[in-house]
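Read the structure below first, then the notes.
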Amino acid sequence: MEYITNVESAFEIIAEPNRRAILSLLTLSEQSVGEIERQLRMTQPTVSKHLRVLREAGFVESTVDAQRRLYRLKPGPLQQVDAWLAQFRQFWSVHIDALERHLDRMEQSETKESTSTKKKIKEKTTRPKPRVKGEKK
């Protein structure tokens, strides 16, 4: 039951678009509050508020580097979300594989139709050579 509560809590936290944007940014590298502000065009109080929530939930951690605090991802809560989603991957895989096969068939069909259409167009647009006087048929 605790696992389910943790996953629900994780989903509540990542449901907020600004927090997802911050998490996405932190996948690239650790960032300071100022860097996050500039890149996401958020105010400092907004960034700080979301970072506090993410830190308290265990999604991020910070270290002090001279005068600035750097934030980086912590994989724990994201691994819990991933583990919960794992039960659905088989469902997705089956449907995604079926979609891929369908798209491949459509592409093959379109290629065949395109080749056939090009042949027909070529046949229609090919004109007989004009006859030269005195030439036999």
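Count the sequence shown with the working numbering and you get residues -10 to 126, in order.
For glycine and all other residues, C-beta sits at the position ideal for the given N, C-alpha and C.
These figures come from a predicted structure and were not determined experimentally.
Using the beta-carbon count (16 or more within 10 Å), is residue i buried or exposed?
{"i": "L62", "result": "buried"}
{"i": "I2", "result": "buried"}
{"i": "I11", "result": "buried"}
{"i": "L15", "result": "buried"}
{"i": "L88", "result": "exposed"}
Tell me which residues share the same chain as residue i and place their Cβ nearer than 7 angstroms to its Cβ, disregarding the 5 neighbours each side in the sequence.
{"i": "P66", "result": "A(-1), A46, G47 and F48"}
{"i": "L92", "result": "none"}
Let me check one thing: in DSSP terms, what residues is residue i bridge-paired to?
{"i": "Q56", "result": "Note: Q56 sits in no beta bridge, so no partner."}
{"i": "V49", "result": "L62"}
{"i": "S21", "result": "L59"}
Could you work out which residue in the options is closest to residue i when comparing CA atoms only?
{"i": "D6", "options": "L40, S18, G23 and Q20", "result": "First, the residue type needs correcting, since residue 6 is Pro and not Asp in the sequence shown. Of L40, S18, G23 and Q20, the residue nearest in Cα terms is L40."}
{"i": "V36", "options": "Q56, D54, R9 and V53", "result": "R9"}
{"i": "V53", "options": "M31, E19 and Q76", "result": "E19"}
I'd like to know whether the C-beta atoms of residue i and residue j end up nearer to each other than 8 angstroms.
{"i": "S21", "j": "L59", "result": "yes"}
{"i": "E26", "j": "Q33", "result": "yes"}
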